[in-house]
Every structure is written in C-alpha cells, then in structure tokens.
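Worksheet for the structure shown next.
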Amino acid sequence: MSSRDLSRSGPAQLPDVLERILDKGIVIAGDIQINLLDIELLTVKLRLLIASVDKAREIGIDWWDGDAFLSRPRGQNGLEERLRRLESAAGLPVSDQAKS
Amino acid sequence: MSAKGAYLYGVVVAGDLGSEALADQPSVDGGHAVRVVSYGRVAAILSDVSLDEFDEATLPARLNDIEWLERSARAHEGVLERALDAGGVVPFRLCTVYRSEEALGQFVVEREAELLRVLDRVAGRVELGVKGLVARDEPEADTDTQSGTGLAYMQERQRRQADARQRAQLIRTCADLANARFKESAIAAAMMAVRPPDDNAEEAMFLNAAYLVRADDDAVVHEAAALTADYAGQGIRFEVTGPWPAFNFVPPEVAS
C-alpha cells in the first residue's frame with residue numbers, strides 16, 4: 002500500500018452511516034421486507050433523514066434556496082414546521098406532533 | 002430456542018477475506034460471530050440472528066429505538082469496512098435477513114455473475130463522501146420594522162429577500178463548481194439528498210455528494226481542502242468522509 006492511501010480520521014457520524022445503509026428506507030434483498038417509511042414512531046430526525054433520502058433532489062436541492070436554512074430560527078418550532086412541510090412535499094401523511 | 006435467520010452484510014471475492022479477520026468484529030446482534038462463507042467464486046459475509054429480534058413483526062419497534070439502531074448500524078458498517086480494507090465489497094443494506102443460511106446461499110449463487118461484475122468494478126476503489134457546508138446567519142434580533150412606516154418596512158423586506166437570493170445563487174454556483182472539480186479526479190459521482198440542519202446548527206449543508214475513487218488516490222481530499230481555502234471568506238467549507246464501501250455505486254438490481 003502506498004503512503005497516499007486514504008484513511009479514516011475517526012468514527013463516522015451516525016447520519017452519514019444511516020443515509021448509506023438505509024438508502025431509501027426499504028430492504029429490497031432478503032426474506033424480511035421492511036419499509037421504514039411505514040414506521041410511524043421513528044424519531045423526528047430519522048424520519049426527516051429517510052424522507053429526504055427518498056425524495057433526493059426533488060426536495061433536497063431546495064433546502065437552502067430560500068433563507069429558511071441559511072438563518073437560524075428564533076423560535077423552537079422550526080423543526081416541527083420543517084417536518085410538516087417535508088411530509089407534505091413527500092406526499093406522506095402529516096404527523097400528529099407537527100400538525101398543530 | 003427461537004428460530005435462527007442469516008443476516009447478510011456484503012459479498013466479497015472468495016479468498017479475499019477469511020472469518021479470522023472478523024473474529025473480533027461485533028455482529029449486528031452482538032452475540033453470534035461474523036463469518037465468511039464461500040459460494041463458488043464469491044463469498045458472503047454473514048452472521049446468525051434470532052428471528053425473534055429480526056422479523057417483520059419486531060423490526061419496526063427495534064428500528065424506533067435509536068440506541069438499537071445505532072449499535073446495529075455501526076456493527077454493520079464496521080464489518081463492511083473490514084471487508085473494504087481487504088480489497089473490495091458489495092455492501093448490502095441494514096437488516097438484509099434470510100430465514101435460513103440456505104436461503105441466503107441460494108440468493109448469492111443465483112447472482113454470482115452480477116456480483117462478480119460489481120466486485121470487479123469496485124475492486125481497489127472506495128467511495129468518498131463530500132459535504133459542502135455554509136455558515137448560517139445569526140438569528141436576527143426582532144427589529145422595529147413592523148412599527149416603522151409602511152415604506153421602510155417594504156424596503157427592508159425587499160433588501161433581505163434580495164440578499165437571500167444572492168446568497169442562494171452564490172451557493173448554487175459554488176456547488177456546481179466544486180462538483181465539477183471533484184468529478185475530474187473521480188471514476189464516478191453520485192448525488193445524495195442534502196440534509197436539513199438542526200435548528201441550532203451553525204452550518205447548513207448545500208452539497209452531499211459521493212465519489213468513487215482509487216483507494217490510493219487522495220486528489221478529492223486535496224481538492225476539498227483547496228476549495229475550502231478559496232471560499233473561506235464566504236463561510237463555506239467542504240468536509241470529506243470515508244473511505245466508505247461503494248454504497249452509491251452498486252446498481253440496485255444487484256441487491257434485489
């Protein structure tokens with residue numbers, strides 16, 4: 002091996018791992034079939050991740066198009082609002098926590 | 002005793018990797034050993050799992066448990082990284098489970114030719130992730146624009162909208178330029194979805210790309226450092242992750 006070989010600087014961040022090993026949230030090989038998008042109770046963050054991976058550029062490319070993601074929000078309700086918008090854009094049922 | 006299933010991590014060229022190289026590597030359930038089983042010219046990396054734990058009925062609840070998910074995800078990825086470092090691997094998704102080792106073996110045998118083709122493509126190569134990140138503005142203090150004159154309020158609003166459009170345009174240009182530069186030194190490129198920032202995160206992601214490169218080629222790493230230096234004044238930086246197994250460069254039909 003040459004001295005230029007690429008090496009890992011440390012443990013990977015969990016979202017970087019999950020977006021690869023969960024992909025679209027569906028296990029397509031194997032006898033056990035699961036669709037993570039059917040799972041209602043996944044933590045808000047993980048649902049955001051999977052929905053965003055599923056919809057890829059369609060949703061993702063515009064995250065920073067407005068200033069919504071370039072500015073830090075003042076209130077605490079930004080996450081719920083984003084979840085609601087994302088679910089609506091992805092054609093998913095809007096979750097109860099985010100409806101209010 | 003509950004029924005046993007077989008959990009598939011990935012497929013390697015037979016002979017590239019032995020079970021002994023994985024002896025100290027935790028399996029997804031933390032119990033059963035990770036093994037390498039040859040089927041002709043390819044070999045499967047697998048471990049036994051309890052079907053009580055890895056079944057359609059119970060997996061949704063397990064996957065809702067962030068600690069279970071992280072432990073399993075890191076074990077899965079850890080096994081694949083060992084295989085990657087040994088020469089090359091076709092990675093499978095988390096929770097690829099067969100009801101028996103025979104069923105897993107049958108799947109691998111049926112797809113030997115396709116698996117060998119992909120193994121040939123990824124041999125000696127790795128996936129690098131590159132994230133483009135931009136500093137977010139401080140939360141703006143509540144100004145008195147609402148109570149000012151109507152005209153002043155409108156002018157202030159238009160100014161902010163124009164700034165936001167200009168900034169978005171700068172980021173778009175930067176993303177295109179960076180991607181073009183990375184692609185020059187890569188064998189293949191893939192775009193992943195940009196992830197939304199946490200509310201209080203100081204940076205927002207605007208590029209989430211993956212590049213297939215030779216395992217001894219660090220050009221993307223140097224390019225990312227150079228671009229970060231070029232764009233430092235704009236609060237933009239590029240972060241390289243990996244080397245990863247070539248998750249984004251395995252045709253979906255091979256693993257289905």
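Protein chains in written order, with our numbering: chain A, 2 to 101; chain B, 2 to 257.
We put the CB at the ideal spot given by N, CA and C, even for glycine.
Contact set for residue i: own chain, Cβ-Cβ below 6 Å, skip 5 residues either direction
i, result
"arginine 238(B)", "Leu134, Thr229"
"glutamine 107(B)", "none"
"arginine 63(B)", "Trp69"
"proline 27(B)", "Ala76"
"glycine 31(A)", "none"
"alanine 124(B)", "Gly89"
"valine 119(B)", "Val91, Val251, Val255"
"arginine 58(A)", "Because the pLDDT at arginine 58(A) is just 42, under 50, the model does not fix this residue reliably, and the value given afterwards should be weighed accordingly. Nothing listed; no residue qualifies."
"glutamine 156(B)", "none"
"valine 50(B)", "Gly6, Tyr8, Asp30"
Residue burial classification, residue i (beta-carbon count within 10 angstroms, cutoff 16)
i, result
"leucine 43(A)", "With a pLDDT of only 46 at leucine 43(A), under 50, the local geometry of the prediction cannot be trusted, and the value read off the model is given with reservation. Result: buried."
"serine 48(B)", "buried"
"serine 73(B)", "buried"
"leucine 272(B)", "With chain B covering only 2 through 257, there is no way to say anything about residue 272(B)."
"isoleucine 67(B)", "exposed"
"isoleucine 60(A)", "Note that isoleucine 60(A) has pLDDT 38, beneath the 50 cutoff, so the model's placement of it is unreliable and no number is given."
"aspartate 219(B)", "buried"
"asparagine 201(B)", "exposed"
"alanine 181(B)", "exposed"
"leucine 116(B)", "buried"
"alanine 233(B)", "exposed"
"alanine 187(B)", "buried"
"alanine 153(B)", "exposed"
"alanine 216(B)", "buried"
"glutamate 82(B)", "buried"
"proline 1(B)", "Since the first residue of chain B shown is 2 and the last is 257, residue 1(B) is not available in this structure."
"methionine 193(B)", "buried"
"arginine 196(B)", "buried"
"methionine 206(B)", "buried"
"arginine 126(B)", "buried"
"alanine 176(B)", "buried"
"proline 1(B)", "The shown model of chain B, from 2 to 257, leaves out residue 1(B), and the question about it has no answer."
"glutamate 128(B)", "buried"
"alanine 13(A)", "buried"
"glutamine 167(B)", "exposed"
Residues near residue i by beta carbon distance below 8 Å, same chain, minus five either side
i, result
"serine 10(A)", "none"
"glycine 67(A)", "With a pLDDT of 46 at glycine 67(A), under the threshold of 50, the modelled position of this residue cannot be trusted, and the question is left open."
"phenylalanine 183(B)", "Val131, Ala190, Ala210, Tyr212, Val221, Glu224, Ala225"
"glutamate 203(B)", "Ala136, Arg137"
"alanine 104(B)", "Ala7"
"valine 43(B)", "Val12, Val13, Val14, Ala15, Val109, Glu113, Leu116, Leu117, Leu120"
"leucine 171(B)", "Gln235"
DSSP beta-bridge partners of residue i
i, result
"methionine 193(B)", "Paired residue(s): none; methionine 193(B) is not in a bridge."
"glycine 130(B)", "Ala211(B), Thr242(B)"
"proline 92(B)", "Gly11(B)"
"isoleucine 237(B)", "Val135(B)"
"valine 50(B)", "Gly6(B)"
"methionine 206(B)", "Leu134(B)"
"serine 39(B)", "Ala44(B)"
"tyrosine 99(B)", "Ala7(B)"
Range covered by the alpha helix (DSSP H) that runs through residue i
i, result
"valine 255(B)", "Taken as a continuous stretch (DSSP letters only), valine 255(B) belongs to no alpha helix (DSSP H), as it is neither H nor E."
"proline 10(A)", "According to the sequence as given, residue 10(A) is serine; it is not proline. Run containing serine 10(A): none; DSSP gives neither H nor E here."
"valine 29(B)", "Premise fails: valine 29(B) is in no alpha helix (DSSP H) and is neither H nor E."
"threonine 229(B)", "220–231"
"glutamate 71(B)", "67–86"
Element boundaries [beta strand (DSSP E), containing residue i]
i, result
"isoleucine 188(B)", "Note, isoleucine 188(B): premise wrong, no beta strand (DSSP E); not H, not E."
"valine 109(B)", "Segment 102–111 is the alpha helix (DSSP H) holding valine 109(B); no beta strand (DSSP E) there."
Residue i beta carbon near the ligand PLP (any heavy atom closer than 6 Å)
i, result
"asparagine 201(B)", "Because no ligand of any kind appears in the structure shown, any question about the ligand PLP cannot be addressed here."
Other residues of its chain near residue i: CB distance less than 7 Å, five sequence neighbours each side excluded
i, result
"alanine 4(B)", "Leu52"
"valine 80(B)", "Tyr10, Leu23, Gln26, Val35, Ile46"
"phenylalanine 55(B)", "Gly6, Tyr8, Cys96, Val98"
"valine 110(B)", "Tyr40, Gly41"
"arginine 21(A)", "none"
"leucine 60(B)", "Cys96"
"glycine 236(B)", "Val135, Ala136"
Any C-beta of chain E under 7 Å from that of residue i
i, result
"threonine 59(B)", "Looking for chain E here will not work: the only protein chains present are A and B."
Open item on the list: Three or more C-beta pairs under 8 Å: does that hold for the region 31–41 of chain B against the region 5–21 of chain B?
Closed with: yes
- [ ] Evaluate the contact criterion for the region 240–247 of chain B versus the region 84–98 of chain B: three or more CB pairs, one atom per stretch, below 8 Å.
- [x] yes
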